[in-house]
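Numbering-wise (this note's numbering), the sequence shown opens with residue 893 and increments by one.
Here a beta-carbon is modelled for each residue, glycine too, at the ideal position from N, C-alpha and C.
Worksheet for the structure shown next.
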Amino acid sequence: MKKPNYDDVIRDLIKEDPRFTAEAYGFVQEALAYTVKMLDRERALSRNISGPELLEGVRKYAIEEYGPLAKTVLNTWGLTRCEDIGDVVFHLVAKGILRKTEEDSPRDFANGYDFDTAFRKPFQQEPAKGKRKTPCHRIDTNT
C-alpha cells in the first residue's frame, strides 16, 4: 500500500478538525525545528521536546517571524491558545508525522501562557515615568 503524501495527510486533518489551517500544521512543525535548534540538544539519541519547551519555542519563533502581528497570524490559522498547539501536535502524532514518548500528553500544553500576554506584551511601550523637569513653552517665531 502506498504511503500517503504529506499534503494529503494535512488535507485529511483539516477535514477531521477544521479549526486549524494547513499553515497551522506547517508552523507548528517549523516551531518544533526552531525549538530543537534553540535548545541545542546534545541528546543525540533522544530529541524529544516537552510540551512546555515547545510552547516557549512557539512563542519565540512566532515573535521572531511575525513580530507584533504574531498573535493575529496564529489566530488566523486557528491557534488561539496553548491547548490548540497541543491539539495540532497530537493530530500530527496520530498521522505518524511526529512521534511522542509514553510520558507526552495533550495536558502538557494546558495552562501554558496567555496568548495576549505572550504575543502582545513584548511590543507594548512602557508608559513614561516621572514628570517633566522643564515645562513646555510655546516659542513665538513671529519676532
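Tell me the rounded alpha-carbon separation between residue 930 and residue 984. Walking along the sequence shown from the start, residue 930 turns up at place 38. Walking along the sequence shown from the start, residue 984 turns up at place 92. Taking the straight line from one Cα to the other gives about 21 Å.
How would you write the range of the alpha helix (DSSP H) that residue 953 sits in, first residue to last? Reading the sequence shown from its first residue, position 61 is the one you call residue 953. Counting along the chain, the alpha helix (DSSP H) containing residue 953 begins and ends at 943-958.
Cβ separation of residue 917 and residue 941, assumed to be a contact under 8 Å, to the nearest whole Å: As a position in the sequence shown, residue 917 is number 25, starting the count at 1. As a position in the sequence shown, residue 941 is number 49, starting the count at 1. In fact, because the Cβ distance is near 17 Å, the residues do not count as touching under 8 Å.
So residue 1001 and residue 959 are supposed to be a Cβ contact under 8 Å. How far apart are they, rounded? Within the sequence shown, numbered from 1, the residue matching residue 1001 stands at position 109. Within the sequence shown, numbered from 1, the residue matching residue 959 stands at position 67. Actually they are not in contact, since the Cβ atoms of residue 1001 and residue 959 sit about 24 Å apart, beyond 8 Å.
Alpha helix (DSSP H) containing residue 1013: first to last residue? Taking the first residue of the sequence shown as position 1, residue 1013 is located at position 121. No alpha helix (DSSP H) contains residue 1013, which DSSP labels as neither H nor E.
Around the C-beta of residue 1017, are 16 or more other C-beta atoms found within 10 angstroms, so that it is buried, or is it exposed? Walking along the sequence shown from the start, residue 1017 turns up at place 125. By the 10 Å Cβ count, residue 1017 comes out exposed.
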